[in-house]
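Novice: Protein chains in written order, with my numbering: chain A, 259 to 374; chain B, 25 to 131. One structure, pasted below without further comment.
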């Protein structure tokens, strides 16, 4: 199992960014996936979930601004980040889940910095 | 939202000691509680699922217990590679939440 995030970088407040998570080594379409973030020097913060059938759940802090999606043909998970705020600055991890319960595999993370 | 309170925030121990880390939930979560280890500059990895179930590949010195609101991660005879941060996470209800972590450091 391998999860590789990409798409991070420095972005101004109010702007947008799209993160990708490329999955390999398992049947991607059969698993739910999450995005989890970690602000510099802080703890873990769950962001969003998408089921194998593309049902979605979001944390209140990102609801209406972030969109999680998946392309099973490309084995890729996405996170569209809009209306970014400084408090969105974090390492963003994608993670696999067997149920909605726990995260059994994590990517290496991608840094998003929101600053003018 | 379910709040998870981990204690202590920092624990200083000598290699070879056996320790217990606590995670307390703000309401009952049955056994829907999972433990992770995060080493500096690495991604977290799961150690224990559903309060006490083992994970393939995780050393047997790690064990978990508890149900309802009180949970414990035990490390039997801490090894040098165990010094890191430990997080608990609940999956009983949305939003999924994490505790603030316990840092295990060398005394």
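Backbone N, C-alpha and C define an ideal beta-carbon position, used for all residues, glycine too. The structure displayed is predicted, hence computed values, not measured ones.
Roughly how far, in whole angstroms, is the beta-carbon of residue 119 (chain B) from the beta-carbon of residue 304 (chain A), given that I think they are within contact range, below 8 Å?
Specialist: Yes, residue 119 (chain B) and residue 304 (chain A) are in contact; Cβ-Cβ is about 6 Å, under 8 Å.
Novice: Interface residues of chain B around residue 364 (chain A) at Cβ under 8 Å?
Specialist: By Cβ distance, chain B contributes 67, 68 and 69.
Novice: Compare the Cα-Cα distances from residue 268 (chain A) to each of A:348, A:287 and A:314 and report the closest residue.
Specialist: Per the Cα distances, A:348.
Novice: Give me the Cβ distance between residue 90 (chain B) and residue 57 (chain B), rounded to the nearest whole Å; I'm assuming they're in contact under 8 Å.
Specialist: Confirmed, about 7 Å.
Novice: Is the Cβ-Cβ distance between residue 67 (chain B) and residue 365 (chain A) less than 8 Å?
Specialist: For residue 67 (chain B) and residue 365 (chain A), yes; Cβs fall inside 8 Å.
Novice: Over what stretch of residues does the beta strand (DSSP E) that includes residue 59 (chain B) continue unbroken?
Specialist: Per DSSP, residue 59 (chain B) belongs to the beta strand (DSSP E) from 57-62.
Novice: By the criterion of Cβ-Cβ separation under 9 Å, what are the contact partners of residue 318 (chain A) in chain B?
Specialist: Chain B residues near residue 318 (chain A): 25 and 119.
Novice: Of all Cβ atoms in chain A, is any one closer than 8 Å to the Cβ of residue 73 (chain B)?
Specialist: Output row for residue 73 (chain B): interface = yes.
Novice: Excluding the 5 residues flanking residue 297 (chain A) on each side, which residues of the same chain have their C-beta closer than 6 Å to its C-beta?
Specialist: Cβ neighbours of residue 297 (chain A) beyond the five flanking positions: 348.
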